[in-house]
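Chains as they are written, first to last, in the working numbering: chain P, 1 to 498; chain V, 1001 to 1245.
For each residue, glycine too, the CB sits at the ideal point set by N, CA and C.
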Ligand code: SF4
């Protein structure tokens, strides 16, 4: 993937994409706002959510051992995976042990993060996504662009076309007379998926929460497809990030309130499925739980970045992000897009060795809306600035960039007011010389702060600014010169006008 | 404090702050030792480069009761990020100095409403105005409706509401250069909303955001002007603010 600014360039040029995104994010953010406003104690609830997660993270090792013990006691088989490769190998091994060439999947970010579908495909095992939006992405041979609504970048008529073109290739074809009515589209998906549910022997899921005390895994969803996967097949493999653990069953209370309101804008999520190991004669009779690190312990070791592990993947931050709204999820080049992706990916992967990853902390105007809506109070702007510092530090030994030089020069200038005054005077003179030589200020009658004339297009690096924005012609005198000349503004007539 | 960008690019804002505060009976000084709050460096990740700038800030404002700044984002940097820079420097004296200067640093409207306790500053401004609450004023500082309270008391001013006012304008410091296209896409929406109000003047409390929006309005030859809130509050019957040409 190219770095963010280049990837965004493509997305920004796609007007259909921008209108799909704008419509979808605004609908969902308005819905969220309405149901959040209903809760009197929302702020207290957010604080509680953040606290529970922080306490959990402080003793993560103990909680994970408790979780392992309670899961094992209830008949589940617990595996530990250090990275994506180990996790994928474990899942593939279980599938191979059961001699299957296909598995059904519950929508899960952890399995996307480790690129499980691709790893299974390499072993000749097909992984069928059963979440409606994931299905659309999978059939369209596309990439997800949103945590909750992976096909948010598609509209109804695009979805109809994908169903018509691709359903036949992986099972029951779409009806030939399919329209783009949501009911019909959902109906076609239901019939297509039903065949797969009834046939599958092995299912793969993630978990939204894993309760240490009781060994309970929890999946919340809207469609019920997850519940089909979690109950019908004989074997269930759950891949769970180690930060998903909650110490006590009672902790679920807080999160089952925070999550649906923040993510889908619903008061309650329609389906909450819980399973703890094996129940004889009911549901899967073999349950594997893969506890996944894949960079999470590195995040835990980062004092500022650690808070990102509180994330419950609600996607509220994506839906309010002005950058995400214009560029879409693909520009982030990762399964975690938007504000959370801009911090989580560099935290998980580390900075300083990949230009694409290093571009992510800069993919934000730091407007702060993500922090405002985050149900577990992750201060995303704070982490972004922290990561920018890490990116800069990681490159300090290298050849300096234009930005490095500019920042060093301004630092030297601003550390010494004497130097600054001189530079300000010099630039005032230089600007007048430039203006005289080039005929500037030539663009009169335009509007800029101070009502000044404008400089039009600039050459070189200045073009990044001036492609779409004028710049005011600098004033003749700086404020500090005026202040000295007018004795602190007491003698205004002495100072020249700007 | 008069922020580096106001000092060098928008001296009229500084003059307005001086006039306004003097009119309200405040003893105003401009210590020549001030330069910049360090925000461009901090927000771009150059924390080492920010250390001497923060040090300069604390030494320039050591002896004063209050530091008044006509910029929400600069105050945000002083209040929320100077501590970080000071800790990074490993110099306990700088940590203490920051702890002393940060709490007495106010954004202009906070100082007027909370410290001086005024919302009617005796201003007159005979134009239609729409107000853009900049992100850092709104969310990092939580200035709330203080700027609107002040604008509502300005004589002859007609205030019209800006649709989607809380949306970011897309400036974001070096974001405007590093992600210029996204920045401009955000700015065009803001400008479209602002023009739709029919107001003559788009006002905000941060000249950096206005530099970006004004730059777009100017390129579009929109006729709409941008002005810093301080210039409107300083404007009087006898000395009216100039609304550009
Ligand atoms: S960072 Fe916060 S708002 Fe964003 S997905 Fe995670 S929990 Fe939700």
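Where does residue i sit, in a helix, a strand or coil, going by DSSP?
i, result
"residue 1227 of chain V", "strand"
"residue 194 of chain P", "helix"
"residue 400 of chain P", "coil"
"residue 490 of chain P", "coil"
"residue 501 of chain P", "Any answer about residue 501 of chain P is impossible in this case: the structure gives chain P only from 1 up to 498."
"residue 34 of chain P", "helix"
"residue 246 of chain P", "strand"
"residue 495 of chain P", "Low confidence applies to residue 495 of chain P: its pLDDT is 48, below 50, so where it sits in the model is not reliable enough to give any reading."
"residue 472 of chain P", "strand"
"residue 221 of chain P", "strand"
"residue 455 of chain P", "strand"
"residue 1124 of chain V", "strand"
"residue 347 of chain P", "helix"
"residue 1204 of chain V", "strand"
"residue 327 of chain P", "helix"
"residue 1130 of chain V", "strand"
"residue 342 of chain P", "helix"
"residue 149 of chain P", "coil"
"residue 216 of chain P", "strand"
"residue 176 of chain P", "coil"
"residue 417 of chain P", "helix"
"residue 390 of chain P", "helix"
"residue 1015 of chain V", "helix"
Would you kindly report the start and end of the unbroken beta strand (DSSP E) that includes residue i?
i, result
"residue 105 of chain P", "102 to 105"
"residue 274 of chain P", "271 to 275"
"residue 1155 of chain V", "Per DSSP, residue 1155 of chain V belongs to no beta strand (DSSP E) and is neither H nor E."
"residue 79 of chain P", "77 to 81"
Give the range of the alpha helix (DSSP H) segment to which residue i is assigned.
i, result
"residue 310 of chain P", "Residue 310 of chain P -> no alpha helix (DSSP H), and no H or E assigned at all."
"residue 158 of chain P", "156 to 166"
"residue 1175 of chain V", "1175 to 1178"
"residue 371 of chain P", "369 to 373"
"residue 47 of chain P", "42 to 58"
"residue 141 of chain P", "Looking at the DSSP string, residue 141 of chain P is not in any alpha helix (DSSP H), and its letter there is neither H nor E."
"residue 262 of chain P", "252 to 263"
"residue 9 of chain P", "4 to 13"
"residue 1083 of chain V", "1082 to 1089"
Please compile the residues from chain P whose C-beta is within a distance smaller than 8 Å of the C-beta of residue i.
i, result
"residue 1156 of chain V", "The contacting residues do not exist; residue 1156 of chain V stays about 19 Å from chain P at best."
"residue 1181 of chain V", "5, 8, 9 and 12"
"residue 1093 of chain V", "Going along chain P, no residue has its Cβ under 8 Å from residue 1093 of chain V, so there is no contact; the nearest lies around 16 Å."
"residue 1040 of chain V", "407 and 410"
"residue 1074 of chain V", "In chain order: nothing, as chain P lies at least about 12 Å away."
"residue 1240 of chain V", "In chain order: nothing, as chain P lies at least about 13 Å away."
"residue 1170 of chain V", "322 and 365"
Since I believe residue j is in contact with residue i (beta carbons under 8 Å), could you give me their beta-carbon distance rounded to a whole number of angstroms?
i, j, result
"residue 469 of chain P", "residue 1215 of chain V", "3 Å"
"residue 1074 of chain V", "residue 1039 of chain V", "6 Å"
"residue 1070 of chain V", "residue 1230 of chain V", "5 Å"
"residue 1045 of chain V", "residue 1136 of chain V", "Not a contact, Cβ separation roughly 18 Å."
"residue 366 of chain P", "residue 1172 of chain V", "6 Å"
"residue 1201 of chain V", "residue 1243 of chain V", "6 Å"
Can you name the residues that DSSP bridges to residue i?
i, result
"residue 240 of chain P", "P:291"
"residue 205 of chain P", "P:238"
"residue 128 of chain P", "P:104"
"residue 282 of chain P", "P:279"
"residue 1106 of chain V", "V:1068"
"residue 211 of chain P", "P:216 and P:246"
Name, please, each residue of chain P whose Cβ falls closer than 9 Å to the Cβ of residue i.
i, result
"residue 1234 of chain V", "Those do not exist, as residue 1234 of chain V stays about 11 Å from chain P at its closest Cβ, beyond 9 Å."
"residue 1052 of chain V", "411, 412, 414, 415 and 416"
"residue 1070 of chain V", "Neighbours of residue 1070 of chain V on chain P: none; closest Cβ ~11 Å, over 9 Å."
Is there a C-beta anywhere in chain B that falls below 8 Å from the one on residue i?
i, result
"residue 362 of chain P", "Among the chains of the structure shown, chain B does not appear; the protein chains present are P and V."
Below 8 Å on C-beta distance, what does residue i contact in chain V?
i, result
"residue 467 of chain P", "1180 and 1184"
"residue 474 of chain P", "1008 and 1009"
"residue 326 of chain P", "1182, 1185 and 1186"
"residue 488 of chain P", "1018, 1028, 1029 and 1030"
Could you list which residues in chain P have their beta carbon closer than 7 Å to that of residue i, in chain order?
i, result
"residue 1002 of chain V", "479"
"residue 1177 of chain V", "464 and 465"
"residue 1047 of chain V", "389"
"residue 957 of chain V", "Coverage of chain V is limited to positions 1001 through 1245, which leaves residue 957 of chain V absent and any answer about it impossible."
"residue 1107 of chain V", "The premise fails here: residue 1107 of chain V is roughly 15 Å from chain P at the closest Cβ pair, so nothing lies under 7 Å."
"residue 1035 of chain V", "414, 417 and 420"
Which chain V residues are close to residue i, counting only those with a beta carbon under 7 Å from its beta carbon?
i, result
"residue 368 of chain P", "1135, 1139 and 1140"
Below 9 Å on C-beta distance, what does residue i contact in chain V?
i, result
"residue 403 of chain P", "1044, 1046, 1174, 1177 and 1178"
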